Amino acid sequence: MEFADWIKVAALLNDLPLEATLNTDLNRLLTLEAIRNLRLRYCHHLDANRMDALAQLFTDDAICQVDRAGWRGRDAIAQGLSEAFSAFDQQQRGAYPFLHAVSNHWIEILDEDRAEGRCYLIDFATQRAPGQNPLLLVGLYADEYRRVDGQWLISRTRLDVVWPEPDVGGGDPGNGLVLPS
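In our numbering, the protein residues as written are 10 to 190.
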């Protein structure tokens, strides 16, 4: 069966016109992609030390928990992540003291303006000597997203470290995901 045939079956099963089913599926895919892109931009802006752009990815009242540090509000998050960046930029290059690689993004849309997600993080330290292990940490981002004025933003985020020292909150997107409060 072709994809188009599956769409027709879905429309019939849901007693919806074909166009409504296509629009619903398309909107869902666009929402998922917008949220995935949000987390990717977070990584690129953080790694490149573009804190003003990074701050714009958060709601005004966002909460961010990283390791034992936590910040509330867009400005405090940008300041806290800027300080973390400076601590890792030992060679004072101004960009890329680490590289955040994210994958396996699982997103559950809760309603038209809220979603939760989790993705894997592999974080590399780029300023270590060639013989040293470049792996900084392996972890998971646990996120809550909110759509504000038509734009998806991070409203709560928590970094769960899996390695080297485990600190994992637990839960799944849409089912008890542990987020900062």
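For glycine and all other residues, C-beta sits at the position ideal for the given N, C-alpha and C. These figures come from a predicted structure and were not determined experimentally.
Cβ-heavy atom distance, residue i to the ligand GTP, below 8 Å
{"i": "Asn36", "result": "The ligand content of the structure shown is nil, which means the ligand GTP is not present either."}
Cβ separation of residue i and residue j, assumed to be a contact under 8 Å, to the nearest whole Å
{"i": "Ala134", "j": "Leu145", "result": "4 Å"}
{"i": "Arg127", "j": "Leu186", "result": "7 Å"}
{"i": "Ile131", "j": "Ala151", "result": "Actually they are not in contact, since the Cβ atoms of Ile131 and Ala151 sit about 16 Å apart, beyond 8 Å."}
{"i": "Ala64", "j": "Ala87", "result": "4 Å"}
{"i": "Leu90", "j": "Asp56", "result": "Not really, about 11 Å apart at Cβ, beyond 8 Å."}
Closest by C-alpha distance to residue i, when choosing among the options
{"i": "Arg155", "options": "Asn36, Tyr105, Ile118", "result": "Ile118"}
{"i": "Trp172", "options": "Val187, Val147, Trp161, Gln160", "result": "Val147"}
{"i": "Ala93", "options": "Ala62, His114, Asn113, Asn58", "result": "Asn58"}
For residue i: DSSP bridge partner residues
{"i": "Ala151", "result": "Arg127, Arg167"}
{"i": "Gly79", "result": "Gln74"}
Coil, strand or helix - residue i by DSSP
{"i": "Glu174", "result": "coil"}
{"i": "Gln160", "result": "strand"}
{"i": "Gly185", "result": "strand"}
{"i": "Asp122", "result": "coil"}
{"i": "Ser91", "result": "helix"}
{"i": "Arg48", "result": "helix"}
Where residue i falls, given that 16 or more other Cβ within 10 Å makes a residue buried
{"i": "Leu38", "result": "exposed"}
{"i": "Pro175", "result": "exposed"}
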